[in-house]
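Numbering (my numbering), first residue to last: 684 to 845. Everything below concerns the one structure shown next.
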């Protein structure tokens with residue numbers, strides 16, 4: 684997350700234009716804008732509603748309210764190689780306030796899950812490094828002391844070799 688300065692005119696104008704278009708057409712559209720600030724730093728903003736996924740899920744809530752048995756499940760493909768199954772209880776789909784919250788949570792869950800998976804990798808790595816260093820300390824403490832050898836020079840003088 685990048686925090687921009689307060690009242691950034693580029694973002695304000697872009698969002699007000701998108702909101703006006705959405706209120707006139709009643710269909711939210713994806714937002715993808717790349718812009719630069721006064722220092723020349725590029726920012727990329729991307730907010731999407733791929734194929735109206737919220738509308739797809741809302742259809743199943745309406746079926747449940749009307750008591751229709753037409754569709755058994757809603758399938759939304761976030762990524763081609765993954766599958767996440769959600770089981771919704773009646774209390775999560777009855778009231779309209781709970782419906783909006785449930786739909787928003789369903790759409791943010793895959794990103795939330797991937798974020799935590801990516802955060803767990805460095806955590807596991809640091810724990811593994813700590814365990815390895817502890818193990819090496821124990822091995823070094825358990826190393827037997829080297830015996831001193833008695834060596835003689837050609838002139839038969841004795842010295843000790845460690």
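We put the beta carbon where it would ideally sit given N, CA and C, even for glycine.
Identify every run of the alpha helix (DSSP H) within the stretch 778-828, keeping only runs that are complete inside it and at least 4 residues long; order them along the chain. 779-825
In the DSSP assignment, the alpha helix (DSSP H) including residue 835 goes from what residue to what residue? Counting along the chain, residue 835 falls outside any alpha helix (DSSP H), though it belongs to the beta strand (DSSP E) covering 832-835.
Assign residue 789 to buried or exposed, taking buried as 16 or more other Cβ atoms, counted over all protein chains shown, within 10 Å of its Cβ. Buried is the call here.
Any idea what DSSP makes of residue 725, helix, strand or coil? strand
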